[in-house]
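Start counting the sequence shown at 30; every next residue gets the next number (our numbering). These notes are about the structure you will find just below.
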Amino acid sequence: MKYLFSALLFLGLLSCGEEKKDIPHFSEREFRDTMIKVNKKFVETENDRINKYIQRRGLQVTETGTGLRYVIIQKGNGMQAKNGMIARVKYKVSLLNGTVCYDRTDKIDEFLIGMDDVESGLHEGITYMHVGDKAILILPTHLAHGLIGDMNKIPPQSTIIYEIELVSLL
């Protein structure tokens, strides 16, 4: 997305200044096509970073159709999580570079699967888990906090890693 911001900044700078210059006019289609190219480049770059992270750690992940990657690192023997259930979890959230953003491994948090205001990648990822499972969920930007981050500890355009334990379901 830095390419998107660069493109927008460039266009903004073209409109500044005391001298009126002929500014190239982009049609809606040209603008859309340019934004699609920029977005594709961002997704490719992010996928490369995620794949390098996975390779460095020797993880055997499963990738879903949405781009979520996950691996169950400890199998539980409880029921599988489903939408509408309340998931009680312990977790740690970090960035690809290892920076820990949130560590809730000593406290149980809960959320309503498919309904609460948590990352869409967390809603999806938890449904691949059973009570007692511990997993690593890798959420690309579009399944995490997107363009703006969480306005606290997770920066804009960040891939995030959940190390998560599904403690129980209600």
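We put the beta carbon where it would ideally sit given N, CA and C, even for glycine.
Checklist entry - Is Arg212 buried or exposed, if buried means 16 or more other CB atoms sit within 10 Å of its CB? => result Outside the displayed span of the chain (30 to 199) sits residue 212, for which this structure offers no information.
Next on the checklist: According to DSSP, simplified to helix, strand and coil, what is Ile79?
Outcome noted: Helix at Ile79.
Item to check | Element boundaries [beta strand (DSSP E), containing Ser123] | outcome: Unbroken beta strand (DSSP E) run through Ser123: 115-124.
Item to check | Minimum C-alpha distance to Cys130 - residue among Arg58, Met64, Pro185, Glu57 | outcome: Considering only Arg58, Met64, Pro185, Glu57, the residue with the shortest C-alpha distance to Cys130 is Pro185.
Item to check | Per DSSP, cross-strand counterpart(s) of Val129 | outcome: As computed with DSSP, Val129 is found in a beta bridge with Ser123.
Checklist entry - Excluding sequence positions up to five away, which residues of its chain have a Cβ less than 7 Å from the Cβ of Gly143? => result Taken in chain order, the residues that qualify are Asn112, Gly113, His152.
Next on the checklist: If you reduce the DSSP assignment to three classes, tell me which class Ile193 lands in.
Outcome noted: In the structure shown, Ile193 sits in a strand (DSSP, three-state: E or B).
Checklist entry - Going by alpha carbons, who is nearest to Ile189 out of His174, Asp145, Phe55, Asp62? => result Out of His174, Asp145, Phe55, Asp62, His174 has the C-alpha closest to the C-alpha of Ile189.
Checklist entry - Counting along the chain, where does the alpha helix (DSSP H) carrying Leu168 start and finish? => result Where Leu168 is concerned, there is no enclosing alpha helix (DSSP H), although the beta strand (DSSP E) it sits in stretches over 163-168.
Next on the checklist: DSSP three-state label for His159, please.
Outcome noted: Of the three classes helix, strand and coil, the one that applies to His159 here is strand, per DSSP.
Checklist entry - Within the chosen definition, does the segment 67-78 reach the segment 98-108 through at least 3 CB pairs nearer than 8 Å? => result Short answer: they don't touch.
Item to check | Straight-line Cα distance separating Leu172 from Glu148 | outcome: Near 6 Å, if we compare the C-alpha coordinates of Leu172 and Glu148.
Checklist entry - Per DSSP, Ile102 is paired with what? => result Residue pairing by DSSP places Ile102 opposite no residue, since no beta bridge is assigned to it.
Checklist entry - Does DSSP put Gln109 in a helix, a strand or coil? => result Note: Gln109 maps to strand in three-state DSSP.
Item to check | Spatial distance of Glu139 from Thr63 (CA atoms) | outcome: In a straight line, the C-alpha of Glu139 is about 41 Å away from that of Thr63.
Checklist entry - Exposed or buried, which one is Ile22 when buried takes at least 16 other CB atoms within 10 Å? => result Residue 22 falls outside the range modelled here, since the chain spans only 30 to 199, and no answer is possible.
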